[in-house]
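Note that the UniProt record's numbering has the sequence shown beginning at 1, numbered continuously upward.
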Amino acid sequence: MLPRLPLGNDGAAPGATPASGSAASKFLCLPPGITVCDSGRGSLVFGDILRQIWFLPRSLQLTGFQAYKLRVTHLYQLKQHNILASVGEDEEGINPLVKIWNLEKRDGGNPLCTRIFPAIPGTEPTVVSCLTVHENLNFMAIGFTDGSVTLNKGDITRDRHSKTQILHKGNYPVTGLAFRQAGKTTHFLLTPFLLLAVLYSFWKRLSSRGVGHPWLWPALLSPK
C-alpha cells in the first residue's frame, strides 16, 4: 500500500523533528536517504537508499511505496504521461534494473509496474549515470559511467517489440541525456568535455541502407 504521511500540527511529516516555534510550520521533513529527485504531473518525485519512491504533490501529502529491494538510484517522470521510469537495485553488485511504473493503475495499492529489464545490455558491469525518456514513449536512452549509451526502441511500457542497442561507447562518464523534438528527433548526450548531437531519424534512414555507424557523422559541438 502507499503509506500516506500527513503533515502534523507543526507542519512536518514524520522523519525528523523540526525547529520549534512558528517557523516550524514552514518546513516539511522529507524521509532520510534521498538519492534522486525529479518532477512532473504536479508532483515532486524522490527515490532513496531505503528502496522507496516518494511523491510530494502540491497538497504536501507525502506518499511512498517500496520500488526495489535495495535502493533507488535514478528517476524520470514523463510530463505528458503519468508514467515514471526508475533505475535501482534488487540485489548486491552492479546489476541495475529499469522499472516502468504506470501511476494511474494500481497493483495491490502500489503503482502498477508494467515492465522490468536490466539496464546493462551486455555482460560487462557498469554503473548507470543518467537516463531520459521520449514523450512519445518509444525511446529511452541510458548513459553509463564507462561512457556508453544504450537506446531502447519500441513501447517502453512493454517488453514486446522492444529492442535495445548500444548507441555509443566512449571514455568518459555520460553526465546528461535529453531528447528534443524539432521536426527530427535529436538525441543529445553530454559528457564533461563535449556535446554530441545526433539526428536520430537521419541515422535510422542511413542505417537501414547499410551506411556506416552513426558516430561516424555526428555534429561535435564545443561546450565553450
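Each residue gets a CB set at the ideal place from its N, CA and C atoms; glycine is no exception.
>> In the DSSP output, which residue or residues are listed as bridge partners for D38?
In response: V45
> For G64, does the three-state DSSP call read helix, strand or coil?
Replying inline: Strand at G64.
> From the DSSP output, which residues share a beta bridge with I142?
Replying inline: L131 and T150
> Tell me which same chain residues have a C-beta within less than 8 Å of the C-beta of N138, skipping the five on either side of it?
Replying inline: K153, G154, D155 and I156
>> Just to confirm the assignment, what range does the beta strand (DSSP E) spanning R71 have?
In response: R71 to Q77
> Looking at C-alpha atoms only, which residue of T123, L167, A119 and E135 is the closest neighbour of S129?
Replying inline: A119
> Less than 8 Å separating the beta-carbons of D38 and L75?
Replying inline: yes
> By Cβ distance below 8 Å, which residues in the same chain neighbour E89 in space, the five residues on each side in sequence not counted?
Replying inline: Y68, K69, L70, R71, T73, N95, P96 and L97
>> Can you find the residues in the same chain that come closer than 7 Å, C-beta to C-beta, to S43, ignoring five residues on each side of it along the sequence?
In response: F55, L56 and P57
>> Buried or exposed, going by whether 16 or more other CB atoms sit within 10 Å of the CB of G93?
In response: Under this definition G93 is an exposed residue.
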